[in-house]
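Chemist:
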Amino acid sequence: MASLPFTELANALVEAMGQRLDAARPTAEGLVLRTGDGFLYAFLEDPNQVSLETIRHLFDEGNGLPVHLVVLTPGHLPLAISQDVVRRGGTLVEGARFAELARQLGLEAFLGEEPRAPRPEGRRLLPSAQQLDGVMHRARTWLDWGVPALALRFFRQASELKPGFLPARTGIGRALLALGLVTDADRAFDEVLATRPDDVEARLGKAAVLGAKALPQQEIEMYRALLAEDEARTEVRAHLVAALIDLADWPAARVEIEALLSRTPEDPQLRFLHAVALSHTGPKEIAEEERVEARRLGLPYDRESALCRHLGLPPPPRPEAGAEPRVAPAPPPTVRGTPPAPATAETPPTRPRAARRPSPKARRAAPRRKSATRKGK
């Protein structure tokens with residue numbers, strides 16, 4: 000049975016996230032909470048006491064209905080178990096991210112820590128606006144970290160705080176799409192467009208829905224239509240690059256990557272993608288030079304490894320012992336309280352789309368790889 004302090008922390012987390020509980024029950028490993036939107040939150044105190052059988056029972060909690068499992072633990076599950084959670088479509092929040100969730104919600108005392116200093120505000124905000132700003136910041140953070148289940152919870156909390164707030168409603172669509180709930184995401188984007196037909200974020204979401212429905216050519220046409228309206232939209236071009244790469248259309252992807260590089264030639268991730276495009280379309284020697292340049296500009300080893308996994312490439316060589324670690328440049332500041340673009344040349348393309356089965360052409364042209372969207376740890 001979970002300890003009293005851990006049970007109190009779990010209840011405080013759920014309350015701070017504004018969850019509406021349908022049911023709650025203690026288990027031998029911790030606490031299981033079901034919410035009205037079909038999510039099952041399993042708080043597991045000691046991951047060493049968790050077995051594959053435990054996870055199987057959690058997924059069976061739906062009694063035949065789909066259940067979106069979110070496992071939260073202060074420790075780290077064994078690799079085989081964590082892989083099983085992700086393979087079954089669950090979300091995993093463990094270790095440092097579990098502690099960060101508590102800190103974000105002002106629950107440092109439960110971790111035995113001093114309260115975190117408030118974030119500096121660029122302008123004075125009313126208390127209600129400050130609360131909305133904080134919730135949106137958490138939602139975007141978890142979506143960027145690849146944990147759409149938590150992002151969805153915070154986007155919905157923001158929408159409840161300010162009904163009709165379009166950035167929150169668009170965020171709901173992005174999180175739903177990342178969770179693979181394509182129909183629900185499509186409906187969310189339609190609701191935004193019914194109010195504001197020219198909303199770029201919602202139109203990007205509609206394009207990503209087409210990609211999730213295995214209609215990549217129509218998805219690409221929508222991105223090109225948006226660029227025809229305004230060629231300066233780097234976030235649209237970044238989504239176009241991601242779609243072309245998914246389709247293994249490297250010649251077209253190279254053109255769009257070079258268009259982005261003309262604006263930000265020192266972006267390390269774009270340099271890496273340019274190197275990969277060149278390896279498919281141009282001299283291998285130049286491609287290798289571009290990859291070295293990406294590392295020189297600060298492409299972290301972990302990020303390069305993740306990109307290689309996504310693209311089905313061999314892992315990069317590990318940095319030599321004693322070599323200075325690569326440090327990525329700090330992201331540019333954003334105006335607090337305003338929804339940032341989902342992807343720019345400075346922030347890597349992260350498309351709000353669900354995993355999809357590649358087209359026959361893509362399967363012939365590219366090696367098998369794991370999808371990068373959506374499903375977060």
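Numbering-wise (numbering that gives the first Met the number 0), the sequence shown opens with residue 0 and increments by one. Quick reminder that beta carbons are idealized off the backbone N, C-alpha and C, glycines included.
1. Just verifying my parser: in three-state terms, what is the DSSP assignment at L214?
2. Is R195 closer than 9 Å to Q18 when the C-beta atoms are compared?
3. Does the region 14-32 come within contact of the region 46-57, defined as at least 3 CB pairs closer than 8 Å?
4. For the candidate residues F271, E284, T280, whose alpha-carbon lies nearest to that of P315?
5. For M461, which residues in the same chain have their Cβ closer than 6 Å to its Cβ, ignoring the five residues on either side in sequence?
6. What is the DSSP secondary structure of R362, reduced to helix, strand or coil?
7. Within the same chain, show all residues whose beta-carbon is closer than 6 Å to that of A11, passing over the 5 residues directly before and after it, in chain order.
8. Check whether the Cβ atoms of H238 and A187 sit closer than 9 Å, and answer yes or no.
9. When the Cα atoms are used, what is the spatial distance from E14 to F154?
10. If you reduce the DSSP assignment to three classes, tell me which class T6 lands in.
11. Rank C307, V92, D21, A167 by C-alpha distance to the C-alpha of E44 and give the top, closest one.
12. Which residue or residues does DSSP assign as beta-bridge partners of F38?
13. Whether or not the region 240-254 and the region 283-295 are in contact is what I'm after, with contact meaning three or more pairs of Cβ atoms, one per stretch, closer than 8 Å; do they touch?
14. Rounded to whole angstroms, what's the CA-CA distance from E190 to P126? Just pull it up for me.
15. Anyone know if the C-beta pair for L192 and K205 falls short of 9 Å?
16. Give me the Cα-Cα distance between G281 and H273, rounded to the nearest whole angstrom.
17. In three-state DSSP terms, what is T72?
18. Which same chain residues, not among the five before or five after V326, have their C-beta less than 8 Å away from its C-beta?
19. Sort E159, L160, V199 by Cα distance to G173 and report the nearest one.
20. If you draw a straight line from the C-alpha of V49 to the C-alpha of V240, how long is it?
21. Hey, would you say G94 sits closer than 9 Å to T72, going by beta carbons?
22. Please go through the same chain and pick out, in chain order, the residues whose beta-carbon is closer than 7 Å to the beta-carbon of H136, but skip the five residues on each side of it.
23. Going by DSSP, what residues sit across from L43 in a beta bridge?
24. In this structure, how does DSSP classify R290 when only helix, strand and coil are distinguished?
25. Buried or exposed, going by whether 16 or more other CB atoms sit within 10 Å of the CB of M221?
26. Please report the distance separating the alpha-carbon of A157 from that of D197.
27. Return helix, strand or coil for V240, following the three-state DSSP convention.
28. What is the rounded straight-line gap between the Cα of P162 and the Cα of R168?
29. Quick one, are the C-beta atoms of R377 and E303 less than 9 Å apart?
30. Got a sec? Which residues, its chain only, sit under 6 Å from P267 by beta carbon, not counting five neighbours each side?
31. Quick check on DSSP: helix, strand or coil for R295?
32. Give me the DSSP bridge partner(s) of T53.
33. Could you pull out every residue in the same chain whose Cβ sits closer than 8 Å to the Cβ of P313, ignoring the five residues on either side in sequence?
34. Give every residue of the same chain whose Cβ lies closer than 6 Å to the Cβ of L226, excluding the five residues on either side of it in the sequence, and list them in chain order.
35. Out of Q217, D183, P114, V66, which one is the CA nearest neighbour of A242?
Modeler: According to the structure shown:
1. Mapped onto the sequence shown, residue 214 falls at position 215. Coil at L214, not helix or strand.
2. Along the sequence shown, one-based indexing puts residue 18 at 19. Along the sequence shown, one-based indexing puts residue 195 at 196. In this structure, the beta-carbon distance from Q18 to R195 does not fall below 9 Å.
3. Result yes; three or more Cβ-Cβ pairs closer than 8 Å.
4. On the sequence shown, residue 315 is found 316 positions in, with the first residue counted as 1. In terms of CA proximity to P315, F271 leads the group F271, E284, T280.
5. Absent from the model: residue 461. The displayed extent of the chain is 0 to 376, so no value can be given.
6. On the sequence shown, position 363 is the one that residue 362 refers to. In this predicted model, R362 has a pLDDT of only 42, less than 50, meaning its place in the structure is not dependable enough to derive any value.
7. Taking the sequence shown and counting its residues from 1, the one referred to as residue 11 is at position 12. Excluding positions up to five away in sequence, the list reads L106.
8. Position 239 of the sequence shown, counted from the start, is the residue given in the question as residue 238. Position 188 of the sequence shown, counted from the start, is the residue given in the question as residue 187. Cβ atoms of H238 and A187: not closer than 9 Å.
9. Along the sequence shown, one-based indexing puts residue 14 at 15. Along the sequence shown, one-based indexing puts residue 154 at 155. Pairing E14 with F154, the inter-Cα distance amounts to about 15 Å.
10. Taking the first residue of the sequence shown as position 1, residue 6 is located at position 7. Correct three-state label for T6: helix.
11. Sequence index remark: in the sequence shown, residue 44 carries index 45 (1-based). Of C307, V92, D21, A167, the residue nearest in Cα terms is V92.
12. Counting from 1 along the sequence shown, the entry for residue 38 is found at position 39. For F38, the beta-bridge partners assigned by DSSP are H67.
13. Not touching, per the Cβ criterion.
14. By 1-based counting over the sequence shown, the position of residue 190 is 191. By 1-based counting over the sequence shown, the position of residue 126 is 127. Computed Cα separation, rounded: 28 Å.
15. What you label residue 192 is simply residue 193 of the sequence shown in a count that begins at 1. What you label residue 205 is simply residue 206 of the sequence shown in a count that begins at 1. Yes, Cβ-Cβ distance for L192 and K205 is below 9 Å.
16. Here the question's residue 281 lines up with position 282 in the sequence shown. Here the question's residue 273 lines up with position 274 in the sequence shown. Cα to Cα, G281 sits roughly 10 Å from H273.
17. As a working note, residue 72 is residue 73 in the sequence shown. Three-state DSSP puts T72 in a strand.
18. By one-based count along the sequence shown, residue 326 stands at place 327. With a pLDDT of 47 at V326, under the threshold of 50, the predicted position of this residue should be treated as unreliable, though the coordinate-derived value follows. Within its own chain, the residues whose Cβ lies closer than 8 Å to the Cβ of V326, once the five positions on either side in sequence are excluded, are G297, P299, listed in chain order.
19. Sequence index remark: in the sequence shown, residue 173 carries index 174 (1-based). It is worth fixing the name first, because residue 173 is Arg in this sequence and not Gly. Ranking the options by Cα distance to R173, first place goes to V199.
20. Indexing the sequence shown from 1 puts residue 49 at position 50. Indexing the sequence shown from 1 puts residue 240 at position 241. Computed Cα separation, rounded: 41 Å.
21. Here residue 94 refers to the residue found at position 95 when the sequence shown is read from its first residue. Here residue 72 refers to the residue found at position 73 when the sequence shown is read from its first residue. Cβ atoms of G94 and T72: closer than 9 Å.
22. Translated into the one-based positions of the sequence shown, residue 136 becomes position 137. Closer than 7 Å at the Cβ level, and outside the excluded window around H136, lies no residue.
23. Along the sequence shown, one-based indexing puts residue 43 at 44. Paired residue(s): G29.
24. As a position in the sequence shown, residue 290 is number 291, starting the count at 1. If DSSP states are grouped into helix, strand and coil, R290 belongs with the helices.
25. In the sequence shown, the residue the question calls residue 221 occupies position 222. It is buried - the Cβ of M221 has at least 16 other Cβ atoms within 10 Å.
26. If you number the sequence shown from 1, residue 157 lands on position 158. If you number the sequence shown from 1, residue 197 lands on position 198. For the pair A157 and D197, the Cα-to-Cα distance works out to about 22 Å.
27. The residue given as residue 240 occupies position 241 in the sequence shown. Secondary structure at V240: helix, using DSSP grouped into helix, strand and coil.
28. Here the question's residue 162 lines up with position 163 in the sequence shown. Here the question's residue 168 lines up with position 169 in the sequence shown. Looking at the two C-alpha atoms, the distance is approximately 9 Å.
29. Limits of the chain in this structure are 0 at one end and 376 at the other, which puts residue 377 out of reach.
30. By one-based count along the sequence shown, residue 267 stands at place 268. Excluding residues within five positions, the ones whose Cβ falls inside 6 Å are A293, L296, G297, L298.
31. Within the sequence shown, numbered from 1, the residue matching residue 295 stands at position 296. In this structure, DSSP gives R295 a helical state, which the three-state scheme calls helix.
32. Within the sequence shown, the letter at position 54 stands for residue 53. Answer is none; T53 lacks a bridge partner.
33. If you number the sequence shown from 1, residue 313 lands on position 314. Hits under 8 Å: C307.
34. Along the sequence shown, read from residue 1 onward, the residue named residue 226 stands at position 227. Once the five neighbours on either side are set aside, the close Cβ partners of L226 are V235.
35. As a first step, residue 242 must be located in the sequence shown, where it is residue number 243. Of the listed residues, the one whose Cα sits closest to A242 is Q217.
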